[in-house]
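Visitor:
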Amino acid sequence: MKSNRRNFLKLSGLSGLSIAGGGIFKNFSQANKEENMLKMLYRKPPMQRFNMCGYAAPKLDVVRIGIIGLGERGFGHLNGLIKIEGVEIKALCDIRPEFANKAKKSLEGTAHNPKVYSGDQESWKKLCDHNDIDVVYIATPWDMHTPMAIYAMEHDKHACVEVPAAITIEECWKLVETSERTRKYCRMLENACYGSLVTVNMARQGFFGEIVHGEGGYIHNLVARYLFNKNQYWDMWRLKQNAMRNGDLYPTHGLGPLCQIMDINRGNNLDYMVSMSTDDFTLGAKAKELASKDDFFKPYADQTYGGNMTTSIIRTKKGQTIKLGHDTSSPNIHSAWHKIVGSKGTKFESPRQISNGGESWLSEQEVISLEKKYEPAIITKVGELARKAGGHGGIDFLQNWFLVDSLRNGLPFDQDVYDAALWSSIAPLSEWSIANYSSSIKVPDFTYGSWITNKPFDISLEKGGNTNIKI
Ligand SMILES: NC(=O)c1ccc[n+]([C@@H]2O[C@H](COP(=O)([O-])OP(=O)(O)OC[C@H]3O[C@@H](n4cnc5c(N)ncnc54)[C@H](O)[C@@H]3O)[C@@H](O)[C@H]2O)c1
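With the working numbering applied, the sequence shown closes on residue 477, and no number is skipped along the way.
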């Protein structure tokens, strides 16, 4: 019995953390209830049912959208989507009626008159049951993403799901299987990719030569403003994630752009990885400090939190490396950086610096002219308007515009279900590696080998780009 328990903890990645099973954590699904983690990783799935990479769903003149989760992020999507031609907001759902109603009220005076669903844990299913919705946006806490996306796809809707799309390997596989079976898109809303389209273009045009190494990550101190703020996240969901997991919980902002630059899932793939985490030096202490003044925080004071800084190194099938960082809980300066190192050149984003193989960075003027030279059509067409529309400097708007334009023109998405699964899978894989003395672990191939022949996504806008913007 004892050894079974030890094995479970080892495989589940929870060995370094206390398992928060009761009280406020009772109904909160744990990321790592994966007793069969290794089985899920190494299982040989049957043949791929249908290759969703490059798949173009029938075109939609009008894109009818329902949004689940109208907290900070869902409300932002609503604001961006209504500025795009051909979008109809048909339904809104939030478990908190005041949030759903506030979103509906914000549409007064527009052509949108959505139905509102609210009040209980399952109201969102009524939104997915609608027969006049094409796409369901999902902007809820992480543990709800996969169940909601699967239900939406099974009810004939495309699912556009916030990052990360899944929190366990099993969920990643379920997303792949459901998208292939239903032929519905499962599109993760990885907006960071829209900040690196110039770099994607530079890579494709050979500026970097052979890509050798990529670096990126998510460094954002969420402690005061977000994690311990009673008025921010619904039901303190993100603090609970930190209390129950130890790993790179939010890998996709760093990884997504690097994967697009390195053609991962489309001619290249991730192979294996290792992760290492520091101890927690801040969250437990903060919880105890707050609990001494406010009983609300008492349940959080008893928890063991995941480490502050997590570093992962991933090797690709082409022999390159990717280094990812994650830190949301120490007073580290905010950074969502990307670095690409190639045999002929290097690029660093935030602050933007380029070298063409020499020993120093190019001048600012040279960088500006290179960026102009490699600007892809999407940026030329809507980049300026997107900046005006806002949302992380315009990338949120660019993403929603590209998504709607692809649907209206019957074009494949730039991110597919294999990207959603692969990029999200790094979180549970990092947890496993950390819980096993930073052992190396194989990254699953969610494409069933199709990555070898899958083609890179199109950034030329040759076949689309005709969706207008209302600003
Ligand atoms: N891509 C980005 O840049 C970015 C930025 C911020 C957040 N996010 C992601 O967006 C998601 C939401 O984050 P947020 O900051 O908006 O959190 P939030 O807590 O502000 O919003 C989540 C909303 O979901 C609602 N909700 C909870 N359970 C529900 C249920 N059963 N049915 C319907 N609604 C329910 C809550 O009431 C809340 O309004 C997360 O996955 C987060 O990682 C992404």
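Glycine residues also receive a C-beta, built at the ideal position from the N, C-alpha and C atoms.
In chain order, what residues of the same chain lie with their CB nearer than 8 Å to the CB of R189, ignoring the 5 residues before and after it?
Guide: Excluding residues within five positions, the ones whose Cβ falls inside 8 Å are F56, M58, Y61 and A63.
Visitor: With a CB to CB cut of under 7 Å and the five nearest residues on each side skipped, what residues in its chain are close to K461?
Guide: Same-chain partners within the cutoff: G60 and R272.
Visitor: Leaving out five residues before and five after Q127 in sequence, what residues of the same chain have Cβ atoms less than 6 Å from its Cβ?
Guide: Taken in chain order, the list of residues that qualify is empty.
Visitor: Secondary structure at M242, three-state DSSP: helix, strand or coil?
Guide: Reduced to three states, the DSSP call for M242 is helix.
Visitor: Confirm, please, whether the CB-CB distance from A395 to G115 is below 8 Å.
Guide: Their beta carbons are not under 8 Å apart, which means G115 does not touch A395 by this criterion.
Visitor: In angstroms with no decimal places, state the Cα-to-Cα distance between K304 and H226.
Guide: So the two alpha carbons sit approximately 25 Å from each other.
Visitor: On the CB-based measure, 16 or more other CB atoms within 10 Å of its CB, does T334 come out buried or exposed?
Guide: T334 should be labelled buried.
Visitor: Taking one C-beta from the segment 104-120 and one from the segment 143-154 each time, how about it: are there three or more such pairs within less than 8 Å?
Guide: The segment 104-120 vs the segment 143-154: no contact.
Visitor: My guess is that G82 and D402 are in contact by the Cβ rule of under 8 Å, so how many angstroms apart are they, rounded?
Guide: Between D402 and G82 the Cβ distance is about 6 Å, and since that is below 8 Å, they are a contact.
Visitor: For F419, collect the residues of the same chain with a Cβ closer than 8 Å to its Cβ; drop the 5 residues on either side in sequence, then sort them by chain order.
Guide: Within the same chain, F419 has close Cβ partners Y191, R193, L409, S412 and F463.
Visitor: What are the boundary residues of the alpha helix (DSSP H) that includes L98?
Guide: Segment V93 to D100 is the beta strand (DSSP E) holding L98; no alpha helix (DSSP H) there.
Visitor: Are the CB atoms of L276 and K387 within a distance shorter than 8 Å?
Guide: No, these two residues do not count as a Cβ contact at 8 Å.
Visitor: What is the residue span of the beta strand (DSSP E) that H219 lies within?
Guide: Start and end: I217 to I225.
Visitor: Quick check on DSSP: helix, strand or coil for F192?
Guide: Here the sequence assigns Cys to residue 192, which means Phe is not the residue at that position. It is a strand residue.
Visitor: Quick one: using the 10 Å Cβ neighbour count with 16 as the cut-off for buried, is A117 buried or exposed?
Guide: Looking at its Cβ environment, which holds fewer than 16 other Cβ atoms inside 10 Å, A117 is exposed.
Visitor: Output needed for F354: all residues of its chain with C-beta closer than 6 Å, excluding positions within five of it in sequence on either side, in chain order.
Guide: So the qualifying residues of the chain are K345.
Visitor: For a test of the three-state rule: what should DSSP assign to G348, helix, strand or coil?
Guide: Three-state result, G348: strand.
Visitor: Would you say the beta carbon of R251 comes nearer than 7 Å to a heavy atom of ligand 1?
Guide: Outside the cutoff, so no.
Visitor: Thinking just about the alpha-carbon of each residue, which of A433, S124, T473 and K89 is nearest to the one in L98?
Guide: Minimum Cα distance to L98 is reached at S124.
Visitor: DSSP three-state call for S281: helix, strand or coil?
Guide: Correct three-state label for S281: strand.
Visitor: Measure the CB-CB distance between V204 and H259 and report whether it falls below 8 Å.
Guide: Cβ atoms of V204 and H259: not closer than 8 Å.
Visitor: Just checking my contact of P257 with W429 at CB under 8 Å: how many whole Å lie between their CB atoms?
Guide: The Cβ separation is near 7 Å, so the contact holds.
Visitor: For W130, I'd like the list of residues in its chain whose CB is within less than 7 Å of its CB, leaving aside the five on either flank, ordered along the chain.
Guide: Answer for W130: I74, C99, Y123 and M154, listed in chain order.
Visitor: Could you say which of L228, I173 and Q421 lies nearest to M150 if we only look at CA atoms?
Guide: Nearest of L228, I173 and Q421 to M150, Cα basis: I173.
Visitor: With H, G and I counted as helix, E and B as strand and the rest as coil, what does DSSP make of L23?
Guide: Model confidence at L23 stands at a pLDDT of 42, short of 50, so the residue's coordinates are unreliable; what they give is reported in the following sentence. Of the three classes helix, strand and coil, the one that applies to L23 here is coil, per DSSP.
Visitor: When every heavy atom of ligand 1 is checked, does at least one fall within less than 7 Å of the C-beta of R189?
Guide: No, the Cβ of R189 stays beyond 7 Å of every heavy atom of ligand 1.
Visitor: If you compare alpha carbons, which of Y311, A297, S298 and K121 is closest to G3?
Guide: A query on residue 3 cannot be resolved here, the shown segment of the chain reaching from 7 to 477 and no further.
Visitor: Taking only three categories from DSSP, how would you classify S366?
Guide: Three-state DSSP puts S366 in coil, outside helix and strand.
Visitor: Would you kindly work out how many angstroms separate the C-alpha atoms of W457 and M268, rounded to a whole number?
Guide: Spanning the two alpha carbons is a distance of roughly 12 Å.
Visitor: Buried or exposed for Y443, please, with buried defined as at least 16 other CB atoms from any protein chain shown within 10 angstroms of its CB.
Guide: So Y443 ends up on the exposed side.
Visitor: Any heavy atom of ligand 3 within a distance shorter than 7 Å of the CB on Q247?
Guide: Only ligand 1 can be found as ligands here, which leaves ligand 3 out of the picture.
Visitor: Once you ignore the five residues that flank C199 on each side, which residues in its own chain have a CB closer than 6 Å to its CB?
Guide: So the list reads G262, P263 and Q266, once near-sequence residues are dropped.
Visitor: So, do the segment 217-226 and the segment 312-332 have three or more beta carbon pairs nearer to each other than 8 Å?
Guide: Because the criterion of three Cβ pairs below 8 Å is met, the segment 217-226 and the segment 312-332 touch.
Visitor: As a quick exercise: from K96, K323, R414 and C134, pick the residue whose alpha carbon is nearest that of N472.
Guide: The shortest Cα separation from N472 among K96, K323, R414 and C134 belongs to R414.
Visitor: Reducing DSSP to helix, strand and coil, say where R210 ends up.
Guide: Reduced to three states, the DSSP call for R210 is helix.
Visitor: Looking only at DSSP bridge pairs, what is C265 linked to?
Guide: Its beta-bridge partners do not exist; DSSP assigns none.
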